[in-house]
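Numbering (my numbering), first residue to last: 1308 to 1422. All residues carry an ideal CB built from backbone N, CA and C; glycine is no exception.
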């Protein structure tokens, strides 16, 4: 399964643009070899937000929600592609940085077990 298959976008105005931008960023990170934990990630617009927001699956689970990543974008619609490109790629980067950090930490801990 490709990493892009884990990212689900709500189907509101312009969602196909969001889908293509998401695939572009996620595919690029996968080509770089960055790890992804295989949890689903819901991407949606929240018009009442003042800024975009990423919430990890582990944080959501600790707050009693299902164990999925969540990206909330603070744009009026997906048709605002400049804002969409910036916000979505930025929040996806948070997601992959977190996965890289977890993977690196685990690798470091695993190497320490052999000492």
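Subject >> beta strand (DSSP E) segment containing residue 1362, residue limits >> reply: 1360–1362
Original post:
For residue 1334, which of helix, strand or coil comes out of DSSP?
Top reply: helix
Original post:
Per DSSP, what kind of secondary structure is residue 1257 in: helix, strand or coil?
Top reply: Shown here, the chain extends from 1308 to 1422; a query on residue 1257 therefore has no answer.
**OP:** Just tell me which of 1344, 1363, 1375, 1338 has its CA closest to the CA of residue 1315.
**Re:** 1375
Original post:
With which residues is residue 1379 paired in a DSSP beta bridge?
Top reply: 1351, 1360
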